[in-house]
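Q: Quick one: structure below, then a few questions.
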Amino acid sequence: MNTKVLVSNRSEIACRVFQACREMGLKTVGIWAPGDEEARHLTYADEIFSVTSYLDIPSILAAAQKSGAQLIHPGYGFLSERPSFARAVENAGLIFIGPRAETMELMGGKIAAKELAVRENVPTLPWAQVKKGEDLSIAAQKVGFPLLLKASSGGGGKGMRHVNRVEDLHDAAESASAEALAAFGEDSLFLERLVERPRHIEVQIFGDGRGGGMHLFERECSLQRRHQKIWEEAPAPHLRVQTRTALFEAALRLVVATKYRNAGTIEFLLDAEENFYFLEMNTRLQVEHPVTELIVGLDLVEAQIFQALFPDECILNHSYAVRGHAIEVRLYAEDPAQEFRPTPGKIEKLHWPTGAGIRIESGIEEGQTVGVQFDSMLAKLIVYAQNRPQALARLRFALEETVILGVGTNQNYLRSLADHPQVCVGKVNTEFLSSEFGGFSPVPSEEDLGLLACMRSSGLATQLFVPQSPLSPWIAFSKKGNSL
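Residue 170 in the working numbering sits at position 170 of the sequence shown, with consecutive numbering throughout.
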């Protein structure tokens, strides 16, 4: 009862960890950095302390020492995959809730991770490291075109460039290197063969730190904008049994090889024939962990904390099975019509949907000001049902009932996405949003209005969205409203 957990993070993930701690009877410590004084997570913690930055390790450790916290949960983002942070926490005599620093160093560097995957017979795409002063064209010819230039560290699409021909290599490399240096403090790159229109499938794993581990099935994460996921679901639709089994076996080979500890994710790309290739390992809890929790009935955050408190206890001896289907969408303060530009402002009105199978993980509250200095994600809306069609219906209802006024959001973009025929049947890929899902036109075309009139007259009107102006709320045409 005297155990305290400090969460070195903010917003919805901090609230999520605080909830798990309270359910386990643990005390919680929150932190806040300048500009984040209104953050919702501060109202959830038993104690709060200011830090100079969410990236300032000495400041965070000082807060832990002042509060008397024994454990630190890093959440995701910020310092969550920084080996120096994990090592500093343990050197301070505290418990880091996550993998060892050595594992982060091994798997956090994409080159070392790919080399390990090759040794463990986990499929990888043709790739080559970019070395200083090396002729890029030679390495590129070995990898083959089209290819991706990728940063060796970090993620989120930073330092990534699509290259179709050798003439574009030099400029792409300079641009990617500069972006990687600004984002991660490290500018090294590597080349990797590009898979056209792949699926992005990830396997949730949990390791005991001694070579044992288990998988908790897979998630479909192919719906992405600018290499950032906005829609995740579990289990992945239309995946052959043999492919699913092979994915799990490959992921567990890496768990065993690294003696992985705590929660993590192995990410893969799948081509049209369901050949799969190791992409990277995330040595932390994922944003999309709720969909896995719902289909297996396990609280992953509680499992993380329990494993950190009692490392010698076996918590991996339970046999889990998939039950039902879960979908998560990410609500952002951004304008899809303006290349997803952030839309800061004050939240004037906020209403979340309720009901069976609806889960909200939010970092906002009514009256709060949303700025631009932090990530623009406002909340995650998660639904669960017995099967995928029911989950989609529940998602549409939940998005219809959500009210966020005062800032522009991607809410109606998600609503339209949930009605798209290819999404409804589960036939998507990582390029779907940029190449096949056209988004919205500035004004309704005559064809759109004619279709709408026909749908209304037949009682089939569902979703057609038109933006008024770049930063204005969206107008929804539906059975509930029939005027511009």
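Backbone N, C-alpha and C fix where the C-beta goes; we use that ideal spot for every residue, glycine too. Keep in mind it's a predicted model, so treat the numbers as computed, not measured.
Report buried or exposed for Val372, applying the criterion of at least 16 other Cβ atoms within 10 angstroms of its Cβ.
A: Reading the sequence shown from its first residue, position 372 is the one you call residue 372. With fewer than 16 Cβ atoms within 10 Å of its Cβ, Val372 is classed as exposed.
Q: When the distance is taken between beta carbons, is Leu116 closer than 8 Å to Leu125?
A: As a first step, residue 125 must be located in the sequence shown, where it is residue number 125. As a first step, residue 116 must be located in the sequence shown, where it is residue number 116. No, the Cβ-Cβ distance between Leu125 and Leu116 is not below 8 Å.
Q: Quick check: the region 168-179 against the region 239-254, are there 3 or more CB pairs under 8 Å?
A: No, they do not touch.
Q: Mapping the DSSP letters down to three states, classify Arg226 as helix, strand or coil.
A: The residue you call residue 226 lines up with position 226 of the sequence shown. Here Arg226 sits in coil by DSSP.
Q: Less than 8 Å between the beta carbons of Glu202 and Glu218, yes or no?
A: The count along the sequence shown starts at 1 and reaches residue 202 at position 202. The count along the sequence shown starts at 1 and reaches residue 218 at position 218. Taking 8 Å as the Cβ cut-off, Glu202 and Glu218 qualify as a contacting pair.
Q: On the three-state DSSP scale, how would you describe Asp171?
A: Locating residue 171 in the sequence shown gives position 171, counting from the first residue. Note: Asp171 maps to helix in three-state DSSP.
Q: So, with DSSP's three-state summary, where would you put Val130?
A: Numbered from 1 along the sequence shown, position 130 holds the residue referred to as residue 130. Residue state, collapsed to three classes: coil.
Q: Would you call the region 3-22 in contact with the region 350-362, where contact means no fewer than 3 C-beta pairs closer than 8 Å?
A: With the cut-off at 8 Å, the region 3-22 and the region 350-362 touch.
Q: So, with DSSP's three-state summary, where would you put Ile475?
A: For the purposes of this step, residue 475 is taken as the residue at position 475 of the sequence shown. Here the model assigns Ile475 a pLDDT of 29, short of 50, so the residue's position is not dependable, and the following value carries that caveat. If DSSP states are grouped into helix, strand and coil, Ile475 belongs with the strands.
Q: If I follow the unbroken alpha helix (DSSP H) through Lys427, where does it start and stop?
A: Numbered from its first residue, the sequence shown carries residue 427 at position 427. Neither: Lys427 is in no alpha helix (DSSP H) and is coded neither H nor E.
Q: Are Ile230 and Arg330 touching if we call contact CB-CB under 8 Å?
A: Taking the sequence shown and counting its residues from 1, the one referred to as residue 230 is at position 230. Taking the sequence shown and counting its residues from 1, the one referred to as residue 330 is at position 330. Cβ distance < 8 Å, so Ile230 and Arg330 count as in contact.
Q: Excluding the 5 residues flanking Pro146 on each side, which residues of the same chain have their C-beta closer than 6 Å to its C-beta?
A: Mapped onto the sequence shown, residue 146 falls at position 146. Cβ neighbours of Pro146 beyond the five flanking positions: Asn164, Leu194.
Q: Would you tell me roughly how many angstroms separate the C-alpha atoms of Thr258 and Glu102, rounded to the nearest one?
A: Along the sequence shown, read from residue 1 onward, the residue named residue 258 stands at position 258. Along the sequence shown, read from residue 1 onward, the residue named residue 102 stands at position 102. If I take the Cα positions, the gap works out to 9 Å.
Q: Please work out which residues of its chain come closer than 8 Å, Cβ to Cβ, to Arg87, disregarding the five sequence neighbours upstream and downstream, and give them in chain order.
A: The count along the sequence shown starts at 1 and reaches residue 87 at position 87. The answer, listed in chain order, is Ala101.
Q: Using 8 Å as the Cβ pair cut-off and three pairs as the minimum, do the region 281-295 and the region 60-76 touch?
A: Contact between the region 281-295 and the region 60-76 is present, because at least three Cβ pairs lie under 8 Å.
Q: Any idea if Pro198 is buried or exposed, counting beta-carbon neighbours within 10 angstroms, 16 or more meaning buried?
A: Within the sequence shown, numbered from 1, the residue matching residue 198 stands at position 198. With 16 or more Cβ atoms within 10 Å of its Cβ, Pro198 is classed as buried.
Q: Got a sec, what are the start and stop residues for the alpha helix (DSSP H) Asp312 sits in?
A: Stepping through the sequence shown from its first residue, residue 312 is reached at position 312. Unbroken run through Asp312: none, as it is neither H nor E.
Q: Along the chain, where does the beta strand (DSSP E) containing Gly371 start, and where does it finish?
A: By 1-based counting over the sequence shown, the position of residue 371 is 371. Where Gly371 is concerned, there is no enclosing beta strand (DSSP E), given that its DSSP letter is neither H nor E.
Q: Just mark Ser153 as buried or exposed, buried being the case when its beta carbon has 16 or more other beta carbons within 10 Å.
A: Position 153 of the sequence shown, counting from 1, holds the residue named residue 153. Classification for Ser153: buried.
Q: In whole angstroms, give me the CA-to-CA distance for Cys221 and Lys150.
A: For the purposes of this step, residue 221 is taken as residue 221 along the sequence shown, with counting starting at 1. For the purposes of this step, residue 150 is taken as residue 150 along the sequence shown, with counting starting at 1. Going by the C-alpha atoms only, they are around 19 Å apart.
Q: Please name the residue in Leu55, Gln19, Tyr44, Ala356 whose C-alpha comes closest to that of Pro34.
A: For the purposes of this step, residue 34 is taken as the residue at position 34 of the sequence shown. Looking at the Cα atoms, Leu55 is the closest of the given residues.
Q: Whole angstroms are fine: how far does the CA of Ile347 sit from the CA of Gly406?
A: What you label residue 406 is simply residue 406 of the sequence shown in a count that begins at 1. What you label residue 347 is simply residue 347 of the sequence shown in a count that begins at 1. Spanning the two alpha carbons is a distance of roughly 5 Å.
Q: Less than 8 Å between C-beta atoms, sequence neighbours within five positions excluded: which residues of the same chain meet that for Val296?
A: Position 296 of the sequence shown, counting from 1, holds the residue named residue 296. So the qualifying residues of the chain are Leu216, Phe217, Tyr320, Ala321, Val322, Arg323.
Q: Which residues in the same chain have their Cβ closer than 8 Å to the Cβ of Asn387, if we skip the five residues on either side of it in sequence?
A: Locating residue 387 in the sequence shown gives position 387, counting from the first residue. For Asn387, where only same-chain residues beyond five positions count, the Cβ hits under 8 Å are Gly324, His325.
Q: What residue from Arg396, Gln19, Ala140 has the CA that sits closest to Tyr384's CA?
A: To locate residue 384, count along the sequence shown from 1; it is residue 384. Tyr384 has its Cα closest to that of Arg396, out of Arg396, Gln19, Ala140.
Q: Check the C-beta distance from Leu223 over to Phe432 and give it rounded, since I have them as a contact under 8 Å.
A: The residue given as residue 223 occupies position 223 in the sequence shown. The residue given as residue 432 occupies position 432 in the sequence shown. Confirmed, Cβ separation roughly 6 Å.
Q: Short of 6 Å in beta carbon distance, which residues of its chain neighbour Asp208, apart from the five on each side in sequence? Order them along the chain.
A: Taking the first residue of the sequence shown as 1, we reach residue 208 at position 208. Contacts found: Leu316.
Q: Assuming contact is defined by CB atoms lying nearer than 8 Å, are His41 and Cys21 in contact in what I supplied?
A: The residue you call residue 41 lines up with position 41 of the sequence shown. The residue you call residue 21 lines up with position 21 of the sequence shown. It is not a contact, given that the beta carbons lie outside the stated cut-off.
Q: Between the Cα of Ala139 and those of Asp375, Leu191, Leu239, spot the shortest distance and give me the residue it belongs to.
A: Here the question's residue 139 lines up with position 139 in the sequence shown. Measuring from the Cα of Ala139, the nearest candidate turns out to be Leu191.
Q: In angstroms with no decimal places, state the Cα-to-Cα distance between Ala398 and Arg341.
A: Here the question's residue 398 lines up with position 398 in the sequence shown. Here the question's residue 341 lines up with position 341 in the sequence shown. Going from the Cα of Ala398 to the Cα of Arg341 covers about 24 Å.
Q: Measuring CA to CA, which of Val29, Ile48, Glu81, Lys110 is closest to Asn262?
A: Here residue 262 refers to the residue found at position 262 of the sequence shown. For Asn262, the nearest C-alpha among the options comes from Glu81.
Q: Please return the same chain residues whose Cβ sits closer than 8 Å to the Cβ of Ala176, not counting the five positions on each side in sequence.
A: Taking the sequence shown and counting its residues from 1, one reaches residue 176 at position 176. Cβ neighbours of Ala176 beyond the five flanking positions: Leu149, Lys150, Ala151, Gly159, Met160, Arg161, Leu189.
Q: Whose CA, out of Ser435, Pro237, Thr265, lies closest to the CA of Ala250?
A: The residue you call residue 250 lines up with position 250 of the sequence shown. Looking at the Cα atoms, Thr265 is the closest of the given residues.
Q: CB-CB under 6 Å to His351, same chain, minus the five flanking residues each way: which ones, in chain order?
A: Sequence index remark: in the sequence shown, residue 351 carries index 351 (1-based). So the list reads Val403, once near-sequence residues are dropped.
Q: My parser needs the beta strand (DSSP E) runs of 3 or more residues fully inside the region 156-215; what are they?
A: Fully enclosed beta strand (DSSP E) runs of 3 or longer: 161-163, 189-193, 199-208.
Q: Apart from the five residues just before and just after Glu274, which ones in its own chain have a Cβ nearer than 8 Å to its Cβ?
A: Translated into the one-based positions of the sequence shown, residue 274 becomes position 274. Here the set comprises Leu239, Arg240, Thr243.
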